[in-house]
Amino acid sequence: MSSWIDYTVNGIIIGNIYALLAVGLALIFGVSRLINFAHGSVYVVGAYAGFLAVTHLGTPLPVTIAIVLVIGGLLGLVIERFGLRPLQGYAHIAPLLATIGISFVLDQLVQLFFTPDPRAVPSSLLEVRFQISGGTIGALDLVIAGIGLASAGLLYYFLRYTRLGWAVRATAQDRDAAQQMGVDVDAVNRTVFAIASGLGAVSGLLVGMYYNYIDPSMSFQATLKGVVAQVVGGVGNVPGAIVGSLLLGLVESYGIALFGTSYRNLFAFVLLVIVLVWRPNGLFASKRQTPPEPMTGTFIAPSKPVHIPAKVLAGAAVLAALVPLVFPHPYVLQTLTNSWLYALLGLSLTLIAGTVGLVSLGHAGLLAIGGYASALLAIKCGVPVGLAILSAGLIAAFLGTLMAFPAFRLRGHYLSIATLAIGEIVSLVILNWEWLTRGPIGLSGIPPLSLFGMELDTDRSIYWFTLAVLVVLAALQFRLLSSHLGRVLRAVRDDDVAARSYGIGLNRYKALAFAVGSFAAGISGGITSHLYSYINHETFNAQLSILALTIVILGGMGNVTGAIVGSVLLVGLPEVFRVAAEYRVLIYGLVLLLLVRFRPQGLLGTV
Amino acid sequence: MPVIHRRLFLGASAALLLGRGAQAEPAKGEPITMGVSGPLTGPNAQYGAQWKQGFDLALEEINNDGGIKGRPLTYVFEDTQSDPRQSVAVAQKFVADPKIVVELGDFASPASMAASPIYQRGKLVQFGFTNSHPDFTKGGDYMWSNSVSQADEQPLSAAYAVKRLGLKRIAVLHLNTDWGRTSKDVFVKAAKGMGAEIVATEGYLPDEKDFRSTIVRVRDAKPDGIMLMSYYSDAALICRQLKQAGVTLPIVAASSVFSPKFIELGGDAVEGVHTASRYFPDDPRPQVRDFVTKFKARYGKEPDAFNAYAYDTIMVMAKVMREFGTDRKSIHDGLAKVKDVPSIIFGKATFDPKTRRVDGAMNVELVVKDGKFQLNDPKAAAR
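Which chain is which? The protein sequence lines are A and B, in order.
Take the first sequence: its letters are residues 1 to 607, numbered as in this note's numbering.
Take the second sequence: its letters are residues 1001 to 1383, numbered as in this note's numbering.
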């Protein structure tokens, strides 16, 4: 079948493009054990730098590539110096948050300078196309493949045969040992960031030329696909990243061939979960390799939590309950109601990620399950809203745990990426399961919040309802953390080998924590759907998962009060910065960076 | 506010340049404020920027012409990133602010419709001028929209594709969003009713950039023409990749591709693409000529569909306020009563008080020729 040749060629071409991104991500991960969420933003900066060079200076392709490479490299140095070096020695979770902050800032700067309008990037290459089977490939396809292969080759040579390359590999294997042997690990880090960011920027340029299209919001998708590709190949493994990218491209292409375009990403993410479960360290991890994640402890740093007496907390809850009486401005009440809803999500994630150490990047999926469950029960079965929300919590607990269960054997970043994939799968299933969810049309006319037949139709009553739910669940979580069970969960996080040798069944405890956490997230999603009256698959998007993680890291991992404080800050700050109009996301990103810089263990510390 | 000063100044100089002396005194006094909820940052920021251009042009015209009974009309644009969490907070802000007399937006359905219950409770009109979701105005009697309903537009596209171009086997590519999906459903039904066969339908996600494999699938279905339910940026990507794949079938695209960006991004790959639009740059209608000339003078480029929606919306609001009053209730009641508002999109817009929408959008059939949208003259096509 000639079409299959076409699908294969197309898969390889798109895989090629993913490879350019994945190689940079893999390099950075290899040395600093960091998923660089700012990589997609560097890619955007590269695309725009190339756009300026081509349209204003009229540079030919090789010169443009050189310019972009240098700009990307310099940007990498800046990111390393000001964003990440100050956080050295802290747990890996702090630099992760820093890269999220940097990506906000970079994306927003590009948007402010170049306007959000998409731009065309003219390619100076000749439009030569070669006929292959039913389709054609162009000169640019070959250039992209060539640059991908050449950079992989150069990297291989660099890592294998140069002194600095040896230093990079030594640092990747054991940072402390390398330092003791006299390796300047800072220099290694700088080099790696410069190379990886240079490559990332060039890939932005090439992809921009390939599609004749760039816009400032393309960074998130680029990061997502690059991360998936490199994890398939085994994080930190450069040749693995290339093979993983090609595999990803092929699976997407065959997925389209077999089932249609709307299933494309579903296939990519299912592939990822299967690979992770089957080979927890990626396809190409060798047996001899030391585990890419530290065995214990260091992913989440122990720190002394800020102690807040129970009386103060109770006082704060009472104060919060009095807000509608003292200061009944609906806008403030709505913003706080939103904060309470995200605090519920934060409670959920802080238990799962902070207390048990399963850093989930797919929490929006739980919100979506809760939201759809509650809305469908209320619309299709006429279940009273209060009961529907409660059932939504239980359904989210059950489905969430069931889906995450295969991932429990994974560690650290692998688990995060598996949950990210699971979150995307939830959203894509909702999109495609049309008879139940109405697909992209979404569910409208979701009945408003009501309790025992009484409609909650004032801003105050909605505020008190969400606050009450939050207080109850937060109190339960406090109780849980101070119980024997809470100590067991922390033991699992801090040293799972030790915990297992004490006879603790790891998976059972992880599942228990996941179920309790998912319940809170499901409730939050359920309330949200009744509040909004309309939801579709975009309502609970992947950005919310990132927001949830940001709330938890900012508040302090495992810290219940921290999750609430983090939520109030992160939901409230963008509202406070409204006066700054277009600049508000930029300011938000900068504030986030400063918070991580000065409180890397979270505002209230890890519990 | 310096911004307003500059706007007024620009307005005055533009009026002079155009040789059009002010017919009435420029508006002074207490401004009348509309609230806009829409994306200025985030992935949809480009659409918010286009709204602003349309708004500013319309307001300059109205305020140089005496405003609303001597008072200037203005707006407050609150950025929501088209995110429901922020659009509901903004809704509360607008409802509680007595200065806001009407709300315009939001952009995407999840953000717009999540805020509807708040506007309905607060009795503030939510005027969703890009909200084609069939359920949007069902949110309550305070939800109004002058967006072109897909039930209205797509049968015209189907007629263009099937009757005019004679397509018999059509492949439909659509954005897998509420808009794209609704459009596709209406189009498929209409095209089948006209005797055409739909050989493939492929839904793609809004942030998709690679369509090569989708195109192979479409090609294998052996269509004799392709229908795109797309916005201009993704439509341009698809056209380029169709050309690269050697597919040279006739392409018809939804009116949302009508933007100079479509031609800029698509290059020569969009030559020959057919689309329908509500107006076109060389339209003989005087209000369109006026709009296009002023838009070009002010922004140095051709207006697109989103600019026109925003411009039209301000014109509707100004007429309602001039005739029926400027408080929230008068605007709500006035929308049901206002007749024949001069409009770029509809020619003359009158709301159906039951659906709270406007029917009977204008329709011109266009084709991209020599890097420009040109009227697809039936005589020229017959040649």
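Glycine included, each C-beta is placed from N, C-alpha and C at the ideal position.
Could you have a look at residue i and say whether DSSP puts it in helix, strand or coil?
i: D1340/B; result: coil
i: E293/A; result: In this prediction, E293/A scores a pLDDT of 49, lower than 50, which makes its location untrustworthy; no coordinate-derived value is stated.
i: M1317/B; result: helix
i: F1324/B; result: helix
i: Q88/A; result: coil
i: R33/A; result: coil
i: S1149/B; result: coil
i: A1253/B; result: strand
i: K1369/B; result: strand
i: V492/A; result: helix
i: F130/A; result: strand
i: Q1046/B; result: helix
i: V1364/B; result: strand
i: V1036/B; result: strand
i: H1133/B; result: coil
i: D1352/B; result: strand
i: H329/A; result: coil
i: E252/A; result: helix
i: A499/A; result: helix
i: L1165/B; result: coil
i: G346/A; result: helix
i: H1274/B; result: strand
What residue range is occupied by the uninterrupted alpha helix (DSSP H) comprising residue i?
i: I417/A; result: G412 to N432
i: G1122/B; result: S1109 to G1122
i: H530/A; result: L506 to Y532
i: R479/A; result: D459 to S482
i: H537/A; result: Here H537/A belongs to no alpha helix (DSSP H), and DSSP marks it neither H nor E.
i: I564/A; result: V560 to V576
i: Y588/A; result: R584 to F598
i: L199/A; result: V185 to Y211
Counting only the same chain and skipping the five closest in sequence on each side, list residues whose C-beta sits under 8 Å from that of residue i.
i: Y342/A; result: S524, L547, A548, I551, S567, L570 and V571
i: G1070/B; result: E1025, A1027, K1028 and G1029
Is residue i a contact residue of the ligand NAD, with contact defined as CB to any heavy atom under 7 Å?
i: M1194/B; result: Ligands in the displayed structure: none, and consequently the ligand NAD is not present.
For residue i, collect the residues of the same chain with a Cβ closer than 6 Å to its Cβ; drop the 5 residues on either side in sequence, then sort them by chain order.
i: E1078/B; result: S1037 and V1090
i: S303/A; result: Q601, G605 and T606
i: R493/A; result: V356 and G357
i: K1099/B; result: T1033
Roughly how many angstroms lie between the CA atoms of residue i and residue j, to the nearest whole one?
i: G101/A; j: L592/A; result: 6 Å
i: A241/A; j: V1088/B; result: 42 Å
i: E1208/B; j: N265/A; result: 10 Å
i: V1292/B; j: S1277/B; result: 14 Å
i: L1156/B; j: N1363/B; result: 8 Å
i: G297/A; j: A222/A; result: Its pLDDT being 46, under 50, G297/A is placed unreliably in this model, and the value from its coordinates should be taken loosely. Using only the alpha carbons, I get a separation of about 31 Å.
i: V231/A; j: A317/A; result: 43 Å
i: K1419/B; j: V251/A; result: It is not possible to answer for residue 1419/B, since the shown part of chain B is limited to 1001 through 1383.
i: D186/A; j: P86/A; result: 11 Å
i: F514/A; j: L367/A; result: 14 Å
i: V1358/B; j: T1350/B; result: 6 Å
i: P1260/B; j: D1097/B; result: 38 Å
i: S391/A; j: S374/A; result: 7 Å
i: A1191/B; j: Y1047/B; result: 30 Å
i: A177/A; j: W166/A; result: 13 Å
i: V1270/B; j: R1240/B; result: 7 Å
i: D495/A; j: F267/A; result: 34 Å
i: G1021/B; j: K1319/B; result: Bear in mind that a pLDDT of 41 at G1021/B, under 50, signals an unreliable position, so the number given afterwards is only what the model happens to contain. The alpha-carbon atoms of G1021/B and K1319/B are separated by roughly 21 Å.
i: N10/A; j: Q1244/B; result: 12 Å
Near residue i, which residues of its chain fall below 7 Å by C-beta distance, leaving aside the five closest residues on each side in sequence?
i: V31/A; result: V168, T171, A172, V188, N189 and V192
i: D1370/B; result: none
i: A1111/B; result: T1080, S1082, D1083, P1084 and S1087
Return the first residue and the last residue of the beta strand (DSSP E) that residue i is part of.
i: A1349/B; result: G1347 to A1349
i: V1076/B; result: L1073 to D1079
i: S1230/B; result: Premise fails: S1230/B is in no beta strand (DSSP E) and is neither H nor E.
Quick one: which chain C residues come within Cβ less than 7 Å of residue i?
i: N1176/B; result: No chain C is present in this structure, whose protein chains are A and B.
Continuous alpha helix (DSSP H) assignments of at least 4 residues falling wholly in the stretch 145 to 174 of chain A:
163 to 173
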